[in-house]
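Enquirer: Residue numbers (the working numbering): 1 to 269. Each residue gets a CB set at the ideal place from its N, CA and C atoms; glycine is no exception.
1. Where does the unbroken alpha helix (DSSP H) through residue 220 begin, and where does it stop?
2. Less than 7 Å between C-beta atoms, sequence neighbours within five positions excluded: which residues of the same chain meet that for residue 53?
3. Whole angstroms are fine: how far does the CA of residue 218 sit from the CA of residue 246?
4. Whose C-beta lies closer than 8 Å to the C-beta of residue 37 among residues of the same chain, with five residues either side of it excluded?
5. Look up residue 75 in the DSSP assignment and say whether it is helix, strand or coil.
6. Distance check for residue 26 and residue 125, CA to CA, integer angstroms please.
7. If contacts are defined as beta-carbon pairs under 8 Å, then residue 30 and residue 113 qualify, I think. What distance do you get, rounded to the angstrom?
8. Counting beta carbon pairs with one atom in the region 105-112 and one in the region 3-13, are three or more of them shorter than 8 Å?
9. Run through DSSP, which three-state label would residue 172 get?
10. With 16 other CB atoms within 10 Å as the buried threshold, where does residue 86 fall?
11. So what does DSSP say about residue 276, is it helix, strand or coil?
12. How would you label residue 249, buried or exposed, when you count the other beta carbons within 10 angstroms and need 16 or more for buried?
13. Is residue 70 helix, strand or coil when you go by DSSP?
14. Could you check if residue 143 is buried or exposed, using at least 16 other CB atoms within 10 Å of its CB as the buried criterion?
15. Compute the beta-carbon to beta-carbon distance between residue 84 and residue 68, rounded to the nearest angstrom, for a pair I have assumed lies under 8 Å.
16. Taking Cβ to Cβ, would you say residue 186 is nearer than 8 Å to residue 198?
17. For my contact list, residue 23 and residue 161 are in at a C-beta cut-off of 8 Å; report their separation, rounded to the angstrom.
18. When the Cα atoms are used, what is the spatial distance from residue 102 to residue 80?
19. Should residue 123 go down as buried or exposed, given a rule of 16 or more other Cβ atoms within 10 Å for buried?
20. Give me the Cα-Cα distance between residue 181 and residue 173, rounded to the nearest whole angstrom.
21. Does DSSP put residue 178 in a helix, a strand or coil?
22. Which residues in the same chain have their Cβ closer than 7 Å to the Cβ of residue 117, if we skip the five residues on either side of it in sequence?
23. Could you pull out every residue in the same chain whose Cβ sits closer than 6 Å to the Cβ of residue 14, ignoring the five residues on either side in sequence?
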């Protein structure tokens with residue numbers, strides 16, 4: 001999966017160039033998230049001190065709207081504090097571009113894997129269960145994982161790194177008996193909780209690949225019977241024949257149940 005995309009000259013522009021573009025785009029989004037977090041502090045401070053502007057409401061209203069939609073940050077050569085609109089509008093456009101390009105990136109990776117597996121499939125001597133489905137479905141699922149999970153992992157790591165200075169500064173304001181004596185307590189807490197959650201998810205989802213493989217075998221066998229039913233509906237399009245024996249059906253239900261329970265636990269974590 002990795003070599004077919006990253007170790008070939010044909011796909012190098014997409015694998016490395018596209019990957020670099022995604023990383024830069026994600027990093028810009030994270031920096032905008034930090035900027036929005038800083039903006040929230042000033043905005044809510046303004047709301048908290050609204051009583052100070054009772055005698056000068058016009059000034060308070062001007063400050064309120066300057067926090068929301070003022071273009072002064074851009075006009076002044078990017079000096080001072082940006083308004084919400086100056087941060088949010090580019091963020092939305094960048095997020096749309098990142099989502100679109102991630103799908104294209106995953107599609108190209110899927111294409112590289114597919115045309116790498118097909119020549120190998122032709123030379124395989126042993127029969128592989130649902131080989132055609134493995135090439136089509138597994139490559140497609142991998143592309144979807146790149147679009148969702150891969151993007152989330154990279155963004156989470158970048159967010160953690162970007163917010164370390166913020167957490168370090170806020171740690172001085174923590175007044176909890178044990179944590180207040182630890183310098184940078186919020187940073188250490190985040191660094192402990194993040195790998196801890198990852199380890200728990202890994203432990204809970206350890207059996208998930210095997211369960212998913214058994215699930216796919218059941219799906220492939222069912223789909224094959226349905227395809228045969230297109231040619232001979234009398235013989236193959238029989239509910240009892242498709243259901244199989246009670247033991248087989250019970251095994252199928254067990255596989256689906258275990259897969260769904262494990263997936264739900266991983267999603268919960």
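Expert: Reading from the atomic positions:
1. 208-231
2. 59, 60
3. Residue placement at residue 246 is poorly supported in this model, since its pLDDT is 40, which falls under 50; the coordinates are not used for a value here.
4. 163, 166
5. helix
6. 44 Å
7. In fact, because the Cβ distance is near 29 Å, the residues do not count as touching under 8 Å.
8. yes
9. coil
10. buried
11. Not covered by the structure: residue 276. The range shown for the chain is 1 to 269.
12. With a pLDDT of 48 at residue 249, under the threshold of 50, the modelled position of that residue is not reliable, and the figure given next carries that caveat. By the neighbour-count rule (16 or more Cβ atoms within 10 Å), residue 249 is not buried but exposed.
13. coil
14. buried
15. 5 Å
16. no
17. Wrong, their Cβ atoms sit about 12 Å apart, outside the cutoff.
18. 33 Å
19. exposed
20. 11 Å
21. coil
22. 135
23. 108
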